[in-house]
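First comes the structure, then the notes that go with it.
There are 2 protein chains.
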Amino acid sequence: MPSSFAAHPAETFPAGTPAASQVFTTVLSQGPLTRLELARRAGLSAAAVTKAVRPLFASGYLVEDADTEARSALGRPANLVRVDGGRALFLGLKLTGDAIFGVLTDLRCRILLARRVPLTDRAAKAVLASTAELVRELLTEADGYGVRVMGLGIAVSGDVDRGEGVVRYSPFLEWRDVPLAELARAVTGLPVTVDNDVRALTVAEQWFGAGVGLSNFAVVTVGAGVGCGLVVHGRVVAGAHGVAGEIGHVTVDPDGPLCHCGNRGCVEAIAADPAILARIRERSGVEVADTTEAVDLARRGDDHAREAYSRAGEAIGRGIATVANLLGPERVVISGEGLAAYDLFAEQIRSAFAAAAFGSAARCDLQTRPLPFEEWARGAAATAIQSFITEPN
Amino acid sequence: MPSSFAAHPAETFPAGTPAASQVFTTVLSQGPLTRLELARRAGLSAAAVTKAVRPLFASGYLVEDADTEARSALGRPANLVRVDGGRALFLGLKLTGDAIFGVLTDLRCRILLARRVPLTDRAAKAVLASTAELVRELLTEADGYGVRVMGLGIAVSGDVDRGEGVVRYSPFLEWRDVPLAELARAVTGLPVTVDNDVRALTVAEQWFGAGVGLSNFAVVTVGAGVGCGLVVHGRVVAGAHGVAGEIGHVTVDPDGPLCHCGNRGCVEAIAADPAILARIRERSGVEVADTTEAVDLARRGDDHAREAYSRAGEAIGRGIATVANLLGPERVVISGEGLAAYDLFAEQIRSAFAAAAFGSAARCDLQTRPLPFEEWARGAAATAIQSFITEPN
DNA sequence: TTCTTTCATTGACAGCGGAAAATAAGGGCC
DNA sequence: GGCCCTTATTTTCCGCTGTCAATGAAAGAA
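These protein sequence lines are chains A and B, in that order. When you number the first sequence by the working numbering, it's gap-free, plus one each residue, and the end is 1766. When you number the second sequence by the working numbering, it's gap-free, plus one each residue, and the end is 1766.
Rendered as structure tokens:
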């Protein structure tokens, strides 16, 4: 048995029947609900709900509120059932080439604490050591809550096999076939879930964000790259070969700039942060150091900068239209660090989307959500929560 | 009660439990299987399979073969379970603006008979009258088999709500909100399933074709238009607003020819039959009457015709790559009447796909299947078979 | 024949979820 | 305050499904 510094041994979730687990998930994401409403949403009888929630109350995962208000005038007042977020804690980590971001969340995936440690060596061994240290630190902080940390989620960009817990290929870390879940479990003693970063973010939206209650939606992230997580038939799409949601490599302009994938005019080659900087440089000759500067320039009215953002918005809008035309999602959530500059391309995203969406695909609801960087780590925590609830260990 | 000329009253399928229905579906699409193998594939115990198949044997939907060969050397020989295709008949219709295609199939969706009636009036009432006549004719023929016709499937291009049995909008027929399932049931007396034509074809591939056993694949049709049916997580994608799989309106070249959707350079504006004819005309000045002539021209080496097909192949390949990048299907089946000219653009499809597919999305298996026009009607029959089995009436 | 192996069925049983009846908890009304 | 009405929740009972373990079946091998 490898050394472990987890404060406590794992305690399993009383998952019970699949129906019970679905009941819990419904309460978790759809907020406090009466038992009757819960029965309706989970497609069960009231009696089944009563039975399903009993062990969950007994173990403290669910608690009951007096229904303060908004109750029907007549009849017995309903009691609201809700998840006790404080009943369990989780850790989420996002690995990048430069740093590890970590958060401590409660069971409702609310961030209690965020940390960042820089990364100098990208070799798996070094990253694992930093991971272990960050986890140790977060666990120490977690001790103050007097509640156990029940799982650790790790999000990595690239081709990740969540089922096996293996990072097949990560371009930024330059990893191939690293069995990260097993390695991290060994050094932390926690149950570990490993997933692709965009899919992890999508899980967070599905359970705790703008995707709650939807069985068909997409999350588009804009920042250093352009990514997309898809939920179809209520499940996150993973792709047969580990690749899915590559909206960044949808072609927008065959004569456009060269993309690192070898093609021209990919969304990412136009709308990702480096592409925008390159565009400004190319057109104005001005060397722009970073995104903040580019945004400043554009906000101050610089034509070249504005054009670069406008062009990016158009590319994103077209990419989203492509997703909408193919999958007909109910909603697309646009997010990512790039959204800090949302005012500079919002209009272009919407108009390009409206122009390129076919028929009633245009009825898709476009939403935007700012994405502070720790949200990526929160996505990882969401996968850990999901595993905790749905995978009885 | 409206008049009905269905030969016999409906007899329901002994669907039993969901598991039983899944067992039947497995046998239906995965051919003859031993009970043990069946248990494995359906994720059940052998005992459960024994119980599930009993009523199906009793009602004649399943029959047993002596396991002729390929049996393990040792132990009791297994018996093969298979669906008795002759146990039930189905009708499938495909409505176009010009004609109705109809087929009579058996329970295994094998075409027994195909018919076509021309259509002069596209009004719902007139189409319904022609439909009734064609169905009557097919039912008469079906009488010769001494087996009941258990359902009718109708495939229509456009926005179709299968659940409600309503054609929301059909551009070729110029229909809006026609409750076709109810209307057709009234005049034929048969249970009716109505679905979008490409989705119907996709169901046929999923249950009886190249998609058997796959939970993530796509069907791309090339012909008068370019369409796409998607199966994700084992289910056909319908889209939140009835639109999905619009690969035809994925942009390939923003400076390309104008598409009827209002955008430029859609796949359909480059690769559909009329687009190819237009391209040849535009470049060579030669007026090409129809697709046959265009194919002849290209096969005889005419440069303009060859270029038009080559360009079409490239557009299709790019469109497929977009689907592969977004969904990571295991396989894409390329089909449609346009495939008669497959030799003229096969190479371009493959190379454009390979160039534009990102990472391991390129591992997707591209298959081609010729598509005689009656296959569209067969797709409709497949939806009727699906409804018969999964929707206990 | 008898044993071994593999396939298939049977019967006892446990668990889940549904229906209906019972119980709980208000408010309104007299 | 007691009774009635309404709505929420629980209890009780019951059927159904699928599993487990044991048994039966049908070869070939010894």
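Glycine included, C-beta positions come from ideal geometry on N, C-alpha and C.
**Request:** Just mark Ser1418 of chain A as buried or exposed, buried being the case when its beta carbon has 16 or more other beta carbons within 10 Å.
**Result:** Position 45 of the first sequence holds residue 1418 of chain A. With fewer than 16 Cβ atoms within 10 Å of its Cβ, Ser1418 of chain A is classed as exposed.
**Prompt:** Under the three-state reduction of DSSP, which class applies to Cys1632 of chain A: helix, strand or coil?
**Reply:** Position 259 of the first sequence, counted from the start, is the residue given in the question as residue 1632 of chain A. In the structure shown, Cys1632 of chain A sits in coil (DSSP, three-state: anything other than H, G, I, E or B).
**Rounded straight-line distance, which links the Cα of Leu1511 of chain B to that of Phe1731 of chain B** = The residue you call residue 1731 of chain B lines up with position 358 of the second sequence. The residue you call residue 1511 of chain B lines up with position 138 of the second sequence. So the alpha carbons of these two residues sit roughly 48 Å apart.
**Request:** Under 8 Å by Cβ, that's how I've got Arg1481 of chain B and Val1456 of chain B pegged, so tell me the actual separation to the nearest angstrom.
**Result:** Taking the second sequence and counting its residues from 1, one reaches residue 1481 of chain B at position 108. Taking the second sequence and counting its residues from 1, one reaches residue 1456 of chain B at position 83. Contact holds; Cβ gap of about 6 Å.
**Prompt:** Within 7 Å (strictly less), CB to CB, does Gly1674 of chain A reach chain B?
**Reply:** As a position in the first sequence, residue 1674 of chain A is number 301, starting the count at 1. No, its Cβ sits nowhere closer than 7 Å to a Cβ of chain B.
**Asked** Looking only at C-alpha atoms, which of A:Gly1524, A:Gly1519, A:His1622, A:Thr1423 sits nearest to Ile1762 of chain A?
**Response** Here the question's residue 1762 of chain A lines up with position 389 in the first sequence. Checked all of A:Gly1524, A:Gly1519, A:His1622, A:Thr1423; the closest Cα to Ile1762 of chain A is A:Gly1524.
**Message:** Against chain B, with Cβ distances strictly below 7 Å, would Asp1626 of chain A count as a contact?
**Reply:** Counting from 1 along the first sequence, the entry for residue 1626 of chain A is found at position 253. Yes, because at least one Cβ of chain B sits closer than 7 Å to the Cβ of Asp1626 of chain A.
**Request:** Would you kindly work out how many angstroms separate the C-alpha atoms of Tyr1434 of chain B and Phe1463 of chain B, rounded to a whole number?
**Result:** The residue given as residue 1434 of chain B occupies position 61 in the second sequence. The residue given as residue 1463 of chain B occupies position 90 in the second sequence. The straight-line gap from Cα to Cα measures roughly 14 Å.
**Backbone CA spacing between Asp1676 of chain B and Thr1561 of chain B [nearest angstrom]** = Working through the second sequence from its first residue, we reach residue 1676 of chain B at position 303. Working through the second sequence from its first residue, we reach residue 1561 of chain B at position 188. The straight-line gap from Cα to Cα measures roughly 51 Å.
**Asked** Can the beta-carbon of Val1609 of chain A be found less than 7 Å from the beta-carbon of Phe1590 of chain A?
**Response** As a first step, residue 1609 of chain A is located in the first sequence; it is residue number 236 there, counting from the start. As a first step, residue 1590 of chain A is located in the first sequence; it is residue number 217 there, counting from the start. Contact flag unset, no.
**Message:** Please report the straight-line C-alpha distance between Ala1554 of chain B and Glu1537 of chain B, rounded to a whole angstrom.
**Reply:** For the purposes of this step, residue 1554 of chain B is taken as residue 181 along the second sequence, with counting starting at 1. For the purposes of this step, residue 1537 of chain B is taken as residue 164 along the second sequence, with counting starting at 1. Taking the straight line from one Cα to the other gives about 8 Å.
**Asked** When you compare only the Cα positions, how much space is there between Arg1541 of chain A and Asp1663 of chain B?
**Response** Along the first sequence, read from residue 1 onward, the residue named residue 1541 of chain A stands at position 168. Along the second sequence, read from residue 1 onward, the residue named residue 1663 of chain B stands at position 290. The straight-line gap from Cα to Cα measures roughly 49 Å.
**Asked** Leaving out the 5 sequence neighbours to the left and right, which residues in its chain are closer than 7 Å to Asp1802 of chain A when beta-carbon positions are compared?
**Response** Not covered by the structure: residue 1802 of chain A. The range shown for chain A is 1374 to 1766.
**Prompt:** Along chain A, in chain order, which residues have C-beta atoms closer than 9 Å to that of Ser1418 of chain B?
**Reply:** Here the question's residue 1418 of chain B lines up with position 45 in the second sequence. Per Cβ cutoff of 9 Å: no residues; Ser1418 of chain B is ~17 Å from chain A at best.
**CB-CB length for Val1706 of chain A against Glu1578 of chain A, believed under 8 Å** = Residue 1706 of chain A sits at position 333 when you count from the first residue of the first sequence. Residue 1578 of chain A sits at position 205 when you count from the first residue of the first sequence. Indeed, because the Cβ distance is near 6 Å, the residues count as touching under 8 Å.
**Request:** Please name the residue, chosen from B:Asp1438, B:Ala1688, B:Leu1712, B:Ala1573, that lies closest to Ala1753 of chain B on a Cα-to-Cα basis.
**Result:** To locate residue 1753 of chain B, count along the second sequence from 1; it is residue 380. Comparing Cα positions, the closest option is B:Ala1573.
**Message:** Beta carbons nearer than 9 Å to chain A: which residues of the stretch 1694–1723 of chain B have them?
**Reply:** Ala1694, Thr1695, Val1696, Ala1697, Asn1698, Leu1699, Leu1700, Gly1701, Pro1702, Glu1703, Arg1704
**Request:** Kindly provide the ranges of any beta strand (DSSP E) runs that are 3 or more residues long and lie completely inside the stretch 1577–1630 of chain A, ordered along the chain.
**Result:** 1590–1595, 1599–1605
**Prompt:** Just reading off the alpha helix (DSSP H) that Glu1537 of chain A is part of, what are its end residues?
**Reply:** Within the first sequence, the letter at position 164 stands for residue 1537 of chain A. Unbroken run through Glu1537 of chain A: none, as it is neither H nor E.
**Message:** Tell me the DSSP secondary structure of Gln1395 of chain B in three-state form.
**Reply:** In the second sequence, the residue the question calls residue 1395 of chain B occupies position 22. DSSP places Gln1395 of chain B in helix when its eight states are reduced to three.
**Item:** DSSP bridge partner residues for Glu1437 of chain B (one or two, in chain order)
**Value:** Numbered from its first residue, the second sequence carries residue 1437 of chain B at position 64. According to DSSP, Glu1437 of chain B bridges with B:Val1454.
**Request:** Give a yes or no on whether 7 Å exceeds the smallest Cβ distance from Ala1392 of chain B to chain A.
**Result:** In the second sequence, the residue the question calls residue 1392 of chain B occupies position 19. Closer than 7 Å: no.
**Message:** If distances are taken between C-alpha atoms only, which option among A:Thr1504, A:Ala1725, A:Arg1427, A:Phe1430 comes closest to Val1640 of chain A?
**Reply:** By 1-based counting over the first sequence, the position of residue 1640 of chain A is 267. Considering only alpha carbons, the answer is A:Ala1725.
**Item:** Alpha carbon of Ala1644 of chain B to alpha carbon of Gly1621 of chain B, nearest angstrom
**Value:** By one-based count along the second sequence, residue 1644 of chain B stands at place 271. By one-based count along the second sequence, residue 1621 of chain B stands at place 248. If I take the Cα positions, the gap works out to 9 Å.
**Message:** Assuming Pro1491 of chain A is part of the beta strand (DSSP E), what are its boundary residues?
**Reply:** Locating residue 1491 of chain A in the first sequence gives position 118, counting from the first residue. Element bounds for Pro1491 of chain A: 1484–1491.
**Asked** Between Asn1636 of chain B and chain A, is there a C-beta pair that is closer than 7 Å?
**Response** Counted from its first residue, the second sequence places residue 1636 of chain B at position 263. Chain A contact via Cβ: present.
**Asked** Can you find a C-beta in chain B that's less than 7 Å from the C-beta of Ala1617 of chain A?
**Response** Start at 1 with the first residue of the first sequence, and residue 1617 of chain A comes out as number 244. Closer than 7 Å: yes.
**Asked** Excluding five sequence neighbours on each side, which residues of the same chain lie with their C-beta closer than 7 Å to the C-beta of Glu1514 of chain A?
**Response** Along the first sequence, one-based indexing puts residue 1514 of chain A at 141. Once the five neighbours on either side are set aside, the close Cβ partners of Glu1514 of chain A are Leu1477, Leu1486.
**Prompt:** At least one CB of chain B closer than 7 Å to the CB of Arg1572 of chain A: is that the case?
**Reply:** Taking the first sequence and counting its residues from 1, one reaches residue 1572 of chain A at position 199. Closer than 7 Å to the CB of Arg1572 of chain A there is not a single CB belonging to chain B.
**Message:** Could you check whether the Cβ of Val1595 of chain B sits closer than 6 Å to any heavy atom belonging to the ligand SAH?
**Reply:** The model on display carries no ligand, and the ligand SAH is accordingly not part of it.
**Asked** So is Thr1390 of chain B buried or exposed if we call it buried at 16+ other beta carbons inside 10 Å?
**Response** Indexing the second sequence from 1 puts residue 1390 of chain B at position 17. It is exposed - the Cβ of Thr1390 of chain B has fewer than 16 other Cβ atoms within 10 Å.
**Asked** Closer than 7 Å, Cβ to any Cβ of chain A: which residues of the stretch 1564–1591 of chain B, in chain order?
**Response** Asn1589
**Asked** Between the stretch 1666–1676 of chain B and the stretch 1622–1639 of chain B, are three or more C-beta pairs nearer than 8 Å?
**Response** no
**Request:** Would you check if the distance between the CB atom of Thr1695 of chain A and the CB atom of Val1595 of chain A is smaller than 7 Å?
**Result:** Residue mapping note: residue 1695 of chain A aligns to position 322 of the first sequence, counting from 1. Residue mapping note: residue 1595 of chain A aligns to position 222 of the first sequence, counting from 1. Not in contact: Thr1695 of chain A and Val1595 of chain A (Cβ atoms no closer than 7 Å).
**Request:** Just the chain A side, please: which residues come within less than 7 Å of Phe1731 of chain B by C-beta, in chain order?
**Result:** Taking the first residue of the second sequence as position 1, residue 1731 of chain B is located at position 358. Near Phe1731 of chain B (Cβ distances below 7 Å), the residues of chain A are Val1616, Glu1619, His1622, Cys1634.
**Prompt:** Around the C-beta of Glu1720 of chain A, are 16 or more other C-beta atoms found within 10 angstroms, so that it is buried, or is it exposed?
**Reply:** Translated into the one-based positions of the first sequence, residue 1720 of chain A becomes position 347. The residue is exposed, with fewer than 16 neighbouring Cβ atoms inside 10 Å.
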